[in-house]
Amino acid sequence: MRTFFLTAALICTAGTASALCEDAWYLRNLAFDRAGYCFGSSLGKSVFSADCSTKSPRLTDWDQRMVSAHKKLEARYSCKINTKDRRLAASLIGKLEDVDLLPTLSEFESSCVGYTGAPVTMTSGIGMRDSYPTGIIASGETVHFRFEPWGGFEFVETDSGAGWVPEGSITPNTCEVFAG
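Numbered by mature numbering (1 follows the signal peptide of the UniProt record, and there is no 0), the letters in the sequence shown go through residues -19 to -1, 1 to 161 in order.
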């Protein structure tokens, strides 16, 4: 019964297409913000830094791939973000300040409820010498997977933070319940 209840709760709270669209828009535009883009829309101006320098930013290859992937995802889901609005309900706002390499959303989600393994350090990037810890996944936490893995790493979220971990660090065997 416990497994059914937890699974049902995860299904009810899992991201809707609207939430996916808002997070995709946010991630895509966060890359532009970090590159110094000066937003013209009301939404861009209210969500991102006013500290800008250009209307033609240069994105890194990594960010360009991430932006392209999110544009395709937004097209597939027929996303319509009202950029005249001043508010965005993206769940990722405030979670990625310490992350150097922005993740790419997946169309699929899963969660590890009640992590039972050894502590796992989340990092700002993927195996880079300059990566630094962004948090620790501790016993009992819920870990959310909703991003594409890359280069032997996967991006995860917890209530206490977000970051990159080596693929396979968290498995269904190290969870009280694994859903998704």
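We put the beta carbon where it would ideally sit given N, CA and C, even for glycine.
Bridge partners - residue i, DSSP secondary structure assignment
i, result
"THR41", "DSSP, once it has assigned bridges, lists no residue as partnering THR41."
"GLU138", "HIS125, ALA143"
"GLY116", "MET103"
"VAL158", "VAL94"
"TRP131", "PHE134"
"TYR58", "DSSP, once it has assigned bridges, lists no residue as partnering TYR58."
Candidates the options, of which the one nearest residue i by Cα
i, options, result
"ASP32", "SER23, TRP43, SER22, ARG15", "ARG15"
"ASP140", "GLU90, THR(-4), GLY116", "GLY116"
"VAL28", "LYS53, SER112, THR64, GLU157", "THR64"
"TYR96", "SER30, ILE151, SER37, LYS76", "ILE151"
"LYS53", "GLU78, LEU1, SER30", "LEU1"
Buried versus exposed, by CB contacts within 10 Å (16 or more), residue i
i, result
"ARG39", "exposed"
"MET103", "buried"
"ASN154", "exposed"
"ASN10", "buried"
"ASP44", "buried"
"PHE(-16)", "Because PHE(-16) sits at a pLDDT of 36, beneath the cut-off of 50, its placement in the model cannot be relied upon, and the following sentence gives the value as read from the coordinates. Exposed."
"LEU69", "buried"
"MET109", "exposed"
"ALA119", "exposed"
"GLY21", "exposed"
"residue 163", "Because the chain here runs from -19 to 161, residue 163 falls outside it and cannot be looked at."
Pair within 9 Å by beta-carbon distance, residue i and residue j
i, j, result
"PHE134", "PRO147", "yes"
"HIS51", "THR85", "yes"
"TRP131", "VAL137", "no"
"GLU3", "ALA71", "yes"
"ARG57", "PHE89", "no"
"ALA82", "GLY106", "First, the amino acid is wrong: residue 82 is Leu here, not Ala. Cβ distance < 9 Å, so LEU82 and GLY106 count as in contact."
"ILE74", "TRP6", "no"
Beta-carbon separation (whole angstroms), residue i vs residue j, contact threshold 8 Å
i, j, result
"ALA143", "VAL80", "6 Å"
"ARG67", "LEU8", "With a Cβ gap of about 19 Å, ARG67 and LEU8 do not count as contacting."
"SER91", "GLY149", "14 Å between Cβ atoms; not a contact."
"GLU129", "SER87", "5 Å"
"THR35", "CYS60", "Not confirmed; about 25 Å, so no contact."
"ALA(-3)", "VAL48", "Going by Cβ atoms, the distance from ALA(-3) to VAL48 rounds to 20 Å, so no, they are not a contact pair."
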